[in-house]
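Before any comments, here is the structure.
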Amino acid sequence: MRFTRLLFFFCAVVQIALLLSGCVRNEYRLFRTDKNLMNDSIQSVLKEDNPIFTIHKNDIIELNAYSSNGERIIDPDQEYIATGNTSAAASSGGTKTEQYLVQKDGTVFLPMIGRIKLDGLSLRETDSLLSERYNEFYKEAFIKTRIVNKRVVVIGPLNAKVIKLENEDVNLIEAMALYGGLNENMRTDCIRLIRGNPSNPDVQLIDLSTIAGMQKAQHKLLPGDIIYIQPIKRIFRETMTDILPIVSLAVSLLTLTLLINK
């Protein structure tokens with residue numbers, strides 16, 4: 305009788321352990337690479353202090369135009385020059401700012417100057433080109449453009465998040481802070497920065513547990529980058545997850561046999 309009670313107690317403990325850990329396996333490890341992997345292309349980009357954003361098809365650009373004394377330029381229809389045939393609009397503090405979609409042919413239709421090709425130009429080149437074009441209508445026009453749909457993806461142990469690049473100075477640490485920071489489920493010594501064509505990407509391994517790794521993380525991100533934070537591997541929990549269903553089945557069969565023979 306005492307043996308039977310001990311067996312029932314053991315079965316109960318196993319069942320509780322199964323409920324607590326048997327169904328909690330969330331550590332999906334992706335993008336496995338050689339730890340010594342360092343592609344020349346991404347290494348050369350990481351050495352650049354100021355990566356340049358260039359305009360591409362389907363980008364959305366924001367345009368602001370000013371005169372030489374800093375006043376916002378107004379067109380003959382008494383509207384801001386940044387209004388017209390636009391793809392999206394945003395209003396802040398009573399000042400309307402319009403956004404324009406770069407078409408598949410690489411052109412954008414802008415007020416007064418019409419359709420102009422911007423595909424492949426940097427923001428500085430775009431500002432210079434548009435300033436020249438608007439100088440035909442205004443004296444010493446000053447143009448400031450911004451790409452508003454540039455983003456990177458951060459993938460962690462529990463979820464993924466798209467991080468919008470507000471400017472060209474966002475680095476890996478800032479992106480991780482926007483993601484939500486680090487927690488006990490993340491490996492700070494195994495962070496992958498994935499860049500380029502997904503069919504043949506360049507991968508940089510970053511170790512934030514060292515000063516050298518932190519220095520690498522200061523390099524600026526580029527649109528389309530993927531940051532993968534590897535989860536901590538908990539061997540005991542994963543092992544228990546694998547064997548507990550088998551143990552549970554064996555214990556259940558043994559319990560049923562004892563009950564029948566009782």
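If you're matching positions, the sequence shown starts at 305 in my numbering and goes up one per residue.
Glycine included, each C-beta is placed from N, C-alpha and C at the ideal position.
Only a predicted model underlies this, so the values are computations on that prediction, with no experimental measurement involved.
Going by DSSP, what residues sit across from Leu414 in a beta bridge?
-> Gly418
Would you check if there are 3 or more beta carbon pairs closer than 8 Å linking the stretch 525-540 to the stretch 490-504?
-> yes
Which value, in whole angstroms, describes the spacing of the CA atoms of Leu486 and Ile420?
-> 44 Å
Can you tell me the Cβ-Cβ gap for Thr449 and Ile365, rounded? I've got them flagged as a contact below 8 Å.
-> 5 Å
Express the C-alpha separation of Asn463 and Glu440 in angstroms, rounding to a whole number.
-> 51 Å
For Ile498 and Val507, the rounded distance between their alpha carbons = 5 Å
Name the DSSP beta bridge partners of Asp423, please?
-> Asp423 is not bridged to any residue.
Could you name the residues of the same chain whose beta carbon sits closer than 8 Å to that of Gly424, not counting the 5 residues immediately before and after it, in chain order?
-> Thr358, Ile359, His360 and Gly410
For Asp381, three-class secondary structure by DSSP | Reliability of the predicted coordinates at Asp381 is poor, the pLDDT of 47 falling under 50, and the value obtained from them is presented with this limitation in mind. Asp381: coil per DSSP, three-state reduction.
Mind checking Gly460: buried by the 16 CB within 10 Å criterion, or exposed?
-> buried
Buried or exposed: which applies to Pro380, given that a residue is buried once 16 or more other Cβ atoms fall within 10 Å of its Cβ?
-> Because the pLDDT at Pro380 is just 45, under 50, the model does not fix this residue reliably, and the value given afterwards should be weighed accordingly. Looking at its Cβ environment, which holds fewer than 16 other Cβ atoms inside 10 Å, Pro380 is exposed.
In the DSSP assignment, what residue or residues form a beta bridge with Val452?
-> Val452 is not bridged to any residue.
Under 9 Å between the Cβ atoms of Val474 and Lys524?
-> yes
Have a look at Ser552, Tyr370 and Gln522 and flag the residue whose alpha-carbon is nearest the alpha-carbon of Glu444.
-> Tyr370
If you draw a straight line from the alpha carbon of Val466 to that of Pro527, how long is it in whole angstroms?
-> 11 Å
Please state if the CB of Ile447 and the CB of Thr430 are separated by a distance shorter than 9 Å.
-> yes
For Asp431, name the three-state secondary structure that DSSP assigns.
-> helix
Mind checking whether Gln407 and Val452 have CB atoms under 9 Å apart?
-> no
Taking buried to mean at least 16 other C-beta atoms within 10 Å of its own C-beta, is Ala554 buried or exposed?
-> exposed
So, helix, strand or coil for Tyr442, using DSSP?
-> coil
Which residues in the same chain as Gln522 place their Cβ atom closer than 8 Å to its Cβ, once the five residues preceding and following it in sequence are excluded?
-> Asn475, Leu476 and Ile477
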